[in-house]
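> My questions will all concern the structure given below.
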Amino acid sequence: MLRKRSFHKRPAFPWHLGYILTFATLCFVAYCFILPGTLFVNKRSPRGGLDQGSKGAFRLKSIYRHGVGADHRLQQRLEVTPELVSEVGALYQETTTQMQDDEENHEALWTNNAKYATSNPFAFEFQLQKMPLTMKRMKQRDPDFMEVYTSGEIYMSEEDAHAMWINDDIFAPNVTDRDTVVGLALMSSNAYVRIPQTGDWRNVTEPWNETEPDGFGWEGDGIRGHVFYNEVENIVVLSIKGTSAQGLPGSGEDETTGNDKINDNLLFSCCCARVSYLWTTVCDCYVKSYTCDESCLEKELRRKDRFYSAIIDIYKGVLKEYPDAAIWVTGHSLGGALASLLGRTFGLPAVAFESPGELLASKRLHLPFPPGLPSYMEGIWHFGHNADPIFMGTCNGASSSCSLVGYAMETACHTGRVCVYDVVNDKGWSVNMFNHRIHKVIDEVLLGYDQAAKCVEPEPCVDCYNWNFVPNRNWDSSSRLVTKTKNGPTPTRASRTTRTTAATTTSSSTCIGRNWLGFCTKYGL
Numbered sequence: 001m002l003r004k005r006s007f008h009k010r011p012a013f014p015w016h017l018g019y020i021l022t023f024a025t026l027c028f029v030a031y032c033f034i035l036p037g038t039l040f041v042n043k044r045s046p047r048g049g050l051d052q053g054s055k056g057a058f059r060l061k062s063i064y065r066h067g068v069g070a071d072h073r074l075q076q077r078l079e080v081t082p083e084l085v086s087e088v089g090a091l092y093q094e095t096t097t098q099m100q101d102d103e104e105n106h107e108a109l110w111t112n113n114a115k116y117a118t119s120n121p122f123a124f125e126f127q128l129q130k131m132p133l134t135m136k137r138m139k140q141r142d143p144d145f146m147e148v149y150t151s152g153e154i155y156m157s158e159e160d161a162h163a164m165w166i167n168d169d170i171f172a173p174n175v176t177d178r179d180t181v182v183g184l185a186l187m188s189s190n191a192y193v194r195i196p197q198t199g200d201w202r203n204v205t206e207p208w209n210e211t212e213p214d215g216f217g218w219e220g221d222g223i224r225g226h227v228f229y230n231e232v233e234n235i236v237v238l239s240i241k242g243t244s245a246q247g248l249p250g251s252g253e254d255e256t257t258g259n260d261k262i263n264d265n266l267l268f269s270c271c272c273a274r275v276s277y278l279w280t281t282v283c284d285c286y287v288k289s290y291t292c293d294e295s296c297l298e299k300e301l302r303r304k305d306r307f308y309s310a311i312i313d314i315y316k317g318v319l320k321e322y323p324d325a326a327i328w329v330t331g332h333s334l335g336g337a338l339a340s341l342l343g344r345t346f347g348l349p350a351v352a353f354e355s356p357g358e359l360l361a362s363k364r365l366h367l368p369f370p371p372g373l374p375s376y377m378e379g380i381w382h383f384g385h386n387a388d389p390i391f392m393g394t395c396n397g398a399s400s401s402c403s404l405v406g407y408a409m410e411t412a413c414h415t416g417r418v419c420v421y422d423v424v425n426d427k428g429w430s431v432n433m434f435n436h437r438i439h440k441v442i443d444e445v446l447l448g449y450d451q452a453a454k455c456v457e458p459e460p461c462v463d464c465y466n467w468n469f470v471p472n473r474n475w476d477s478s479s480r481l482v483t484k485t486k487n488g489p490t491p492t493r494a495s496r497t498t499r500t501t502a503a504t505t506t507s508s509s510t511c512i513g514r515n516w517l518g519f520c521t522k523y524g525l
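First residue of the sequence shown? That's 1 in the UniProt record's numbering, and the numbers climb one at a time after it.
What follows is the structure in structure tokens.
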């Protein structure tokens with residue numbers, strides 16, 4: 001008897017399991033191809049690499065020094081060779097030993113953290129993480145064009161002004177990564193490290209005065225920048241030296257104290273460091289009590305013998321040396337403020353540490369601000385803590401510790417975003433000028449927290465609210481430029497016009513003598 005063949009039916013694949021597998025696959029693809037930190041895939045490949053992983057290392061490649069004051073035309077570059085690194089290492093060890101013997105005046109030259117320990121700061125290799133950033137910046141950022149643009153002599157329509165800005169997909173330092181923030185801070189401290197008074201300095205401009213000693217420009221007046229380069233990522237970090245002064249803590253050295261003080265007081269005071277009638281001002285823009293000539297201040301900041309013009313020249317040298325590389329800038333104190341000003345001028349990511357408020361200087365220099373974009377959405381970050389009166393803008397007034405050593409640090413407002421560590425509540429610190437030291441910041445603040453401080457929008461802030469700033473009455477528009485072309489804004493010379501006032505027929509004069517109340521008693525042409 002034949003049996004009926006039976007067939008076993010394969011169980012149906014659960015439809016809900018298929019949906020789950022499909023969803024998991026899509027999530028995996030999204031995780032692999034969408035860069036962390038942004039909701040959108042960058043359609044354009046940013047300069048400086050293809051992903052945000054850490055590749056290669058940043059090594060010190062060269063050092064620039066630039067004269068200021070009477071020597072502002074002088075600029076030199078030093079290539080960091082193995083021989084120089086060896087000499088610096090020996091000098092560093094000798095200096096460290098001497099400073100350790102002097103426990104009372106001991107000032108750390110490098111972090112004490114074992115992770116970053118080194119016997120030679122010039123041989124240290126820095127590991128920095130990067131993150132994608134869509135940055136709104138000027139389409140044309142050539143230094144020569146920007147010099148004309150920021151001079152305040154270009155007139156353009158609103159349409160042309162908006163056409164000059166573009167959105168660039170770039171890579172910036174990952175300011176949410178603690179090790180990256182610490183690395184940039186160490187680069188900032190590296191610019192303070194002294195080197196032997198020898199080396200094959202190459203003249204970038206005209207030769208330096210041969211009658212000067214070998215160390216002139218390094219041990220004397222000037223500004224300097226250290227250039228770090230990652231060959232794998234093709235990224236450059238320019239670290240700008242901050243304030244050197246015995247009275248104002250930061251580097252522990254006084255190599256460039258004189259010009260540092262002049263430029264600090266010019267950049268961060270309301271009016272030429274006019275704190276009281278007892279002060280010697282750094283420029284002659286003071287008119288009378290709480291009244292200042294705004295046009296005069298702008299000209300003083302833009303003078304070729306000031307730090308802002310000097311750092312522009314150093315940037316030109318770095319740009320010529322690395323024309324295709326992405327450039328980041330960093331610095332501590334005055335160096336951090338200059339890094340912020342440089343970053344705003346050329347649309348570069350900038351990370352500053354414990355820098356005084358630089359918003360007022362940015363406006364006086366007519367630096368570009370993206371139209372319709374809040375400044376806190378730009379690529380500028382200010383790291384600091386609330387026990388530093390210089391960073392917080394509270395080190396002012398005739399009786400303040402800054403004033404007692406000759407500094408008029410009257411600004412508090414920063415551009416970009418601020419990343420503040422609350423050490424007053426978390427660690428019980430009191431506000432003290434010595435908390436401004438770069439290695440105290442690195443060892444006890446940046447490394448004292450498990451995570452980097454969150455960068456947020458600055459609180460509403462007004463600098464010099466009680467001052468009255470008046471324009472130059474004898475304003476001359478003969479050099480004003482008009483921009484209007486078919487293919488985009490290009491500077492063109494306008495016809496000569498001069499604004500005069502009927503109320504006065506006297507020529508412009510300069511105050512050369514004041515009474516004890518601050519009123520001008522003697523004028524000179």
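Ideal placement from N, C-alpha and C gives every residue a C-beta, glycine not left out. Given the structure is predicted, the values throughout are model-derived calculations rather than measurements.
In terms of residue numbering, what span does the alpha helix (DSSP H) encompassing GLY357 cover?
Residue 357 sits at position 357 when you count from the first residue of the sequence shown. Element bounds for GLY357: n/a, residue is neither H nor E.
> Counting only the same chain and skipping the five closest in sequence on each side, list residues whose C-beta sits under 7 Å from that of ALA161.
By one-based count along the sequence shown, residue 161 stands at place 161. Cβ within range, chain order: PRO371.
> Under three-state DSSP, which class holds LYS288?
The residue you call residue 288 lines up with position 288 of the sequence shown. Residue state, collapsed to three classes: strand.
> Is SER367 near LEU301, with beta carbons less than 8 Å apart?
In the sequence shown, counting from the first residue as 1, residue 367 sits at position 367. In the sequence shown, counting from the first residue as 1, residue 301 sits at position 301. It should be pointed out that residue 367 corresponds to Leu in this sequence rather than to Ser. Result no, Cβ atoms of LEU367 and LEU301 do not sit closer than 8 Å.
> Considering only the alpha carbon of each residue, which of GLY397, TRP328, PHE268 lies closest to TYR277?
As a working mapping, residue 277 is identified with position 277 in the sequence shown. Among GLY397, TRP328, PHE268, the Cα nearest to that of TYR277 belongs to GLY397.
> Kindly indicate which residue of TYR155, ASN234, ASN259 has the alpha-carbon position closest to the one of GLY406.
In the sequence shown, residue 406 corresponds to position 406, counting from 1. Nearest neighbour of GLY406 by Cα position, chosen from TYR155, ASN234, ASN259, turns out to be ASN259.
> Here's a check: name, in chain order, each residue in its chain whose Cβ is nearer than 8 Å to the Cβ of GLU298, leaving out the five neighbours to either side.
For this step, residue 298 is matched to residue 298 along the sequence shown. Close CB contacts of GLU298 within its chain, under the 8 Å cut and outside five residues either way in sequence, are with GLY152, ARG364, LEU365, HIS366 (chain order).
> Kindly indicate which residue of ILE235, GLU233, VAL193 has the alpha-carbon position closest to the one of GLY225.
On the sequence shown, position 225 is the one that residue 225 refers to. Ranking the options by Cα distance to GLY225, first place goes to VAL193.
> Jot down the residue ranges of each uninterrupted alpha helix (DSSP H) in the region 68–141, minimum 4 residues, whole runs only, in chain order.
82–101
> Inspect the beta-carbon positions of LYS61 and TYR229 and report whether they are closer than 8 Å.
The sequence position of residue 61 within the sequence shown is 61, counting from 1. The sequence position of residue 229 within the sequence shown is 229, counting from 1. In this structure, TYR229 lies closer than 8 Å to LYS61 by Cβ.
> If the criterion is Cβ atoms closer than 8 Å, does the pair VAL175 and PHE58 meet it?
Mapped onto the sequence shown, residue 175 falls at position 175. Mapped onto the sequence shown, residue 58 falls at position 58. Not in contact: VAL175 and PHE58 (Cβ atoms no closer than 8 Å).
> Rounded to whole angstroms, what is the Cα-Cα separation between LEU319 and SER430?
As a position in the sequence shown, residue 319 is number 319, starting the count at 1. As a position in the sequence shown, residue 430 is number 430, starting the count at 1. Using only the alpha carbons, I get a separation of about 42 Å.
> So is THR345 buried or exposed if we call it buried at 16+ other beta carbons inside 10 Å?
In the sequence shown, counting from the first residue as 1, residue 345 sits at position 345. So THR345 counts as buried.
> What does the alpha-carbon distance come out to for the pair PHE519 and TRP467?
As a first step, residue 519 is located in the sequence shown; it is residue number 519 there, counting from the start. As a first step, residue 467 is located in the sequence shown; it is residue number 467 there, counting from the start. The predicted model places PHE519 with a pLDDT of 42, which falls under 50 and marks its position as unreliable; any figure quoted below should be read in that light. Rounded to the nearest angstrom, the gap between the Cα atoms of PHE519 and TRP467 is 15 Å.
> Does the Cβ-Cβ distance between TYR64 and GLN75 come in under 8 Å?
Position 64 of the sequence shown, counted from the first residue, corresponds to residue 64. Position 75 of the sequence shown, counted from the first residue, corresponds to residue 75. Yes; because the gap between Cβ atoms is below 8 Å, this pair is in contact.
> Excluding the 5 residues preceding and the 5 following PHE124 in the sequence, name in chain order all residues of the same chain whose CB lies nearer than 6 Å to its CB.
Here residue 124 corresponds to residue number 124 of the sequence shown, with the count starting at 1. These residues qualify, in order along the chain: THR118.
> Which residues in the same chain as TRP340 place their Cβ atom closer than 6 Å to its Cβ, once the five residues preceding and following it in sequence are excluded?
Taking the first residue of the sequence shown as position 1, residue 340 is located at position 340. It is Ser, not Trp, that sits at residue 340 in the sequence shown. Counting only Cβ-Cβ distances below 6 Å, and skipping sequence neighbours, we find ALA350, ALA352, GLU358, ILE380.
> Looking at LYS130: is its Cβ nearer than 8 Å to the Cβ of PHE171?
Here residue 130 corresponds to residue number 130 of the sequence shown, with the count starting at 1. Here residue 171 corresponds to residue number 171 of the sequence shown, with the count starting at 1. Yes, they are a contact pair.
> If you compare alpha carbons, which of PHE126, THR81, PRO143 is closest to ALA310?
In the sequence shown, residue 310 corresponds to position 310, counting from 1. Of PHE126, THR81, PRO143, the residue nearest in Cα terms is PRO143.
> Per DSSP, what are the beta-bridge partners of VAL445 in this structure?
By 1-based counting over the sequence shown, the position of residue 445 is 445. In DSSP, VAL445 forms no bridge with anything.
> Could you pull the DSSP bridge partners for TYR407 from this structure?
Taking the first residue of the sequence shown as position 1, residue 407 is located at position 407. Beta-bridge pairing links TYR407 to no other residue.
> If you count every other CB in all the chains shown that lies within 10 Å of the CB of ILE166, and 16 or more means buried, which is it?
For the purposes of this step, residue 166 is identified with residue 166 of the sequence shown, where counting begins at 1. Exposed is the call here.
> Who pairs with PRO456 in a beta bridge, going by DSSP?
In the sequence shown, residue 456 corresponds to position 456, counting from 1. In the sequence under discussion, the amino acid at residue 456 is Val, which differs from the Pro named in the question. Beta-bridge partners assigned by DSSP to VAL456: VAL418.
> Drop a sphere of 10 angstroms on the beta-carbon of ARG274, count the other beta-carbons inside from all chains shown, and report buried for 16 or more, exposed for fewer.
Taking the first residue of the sequence shown as position 1, residue 274 is located at position 274. With 16 or more Cβ atoms within 10 Å of its Cβ, ARG274 is classed as buried.
> For ILE262, which residues in the same chain have their Cβ closer than 7 Å to its Cβ, ignoring the five residues on either side in sequence?
To locate residue 262, count along the sequence shown from 1; it is residue 262. Same-chain partners within the cutoff: VAL282.
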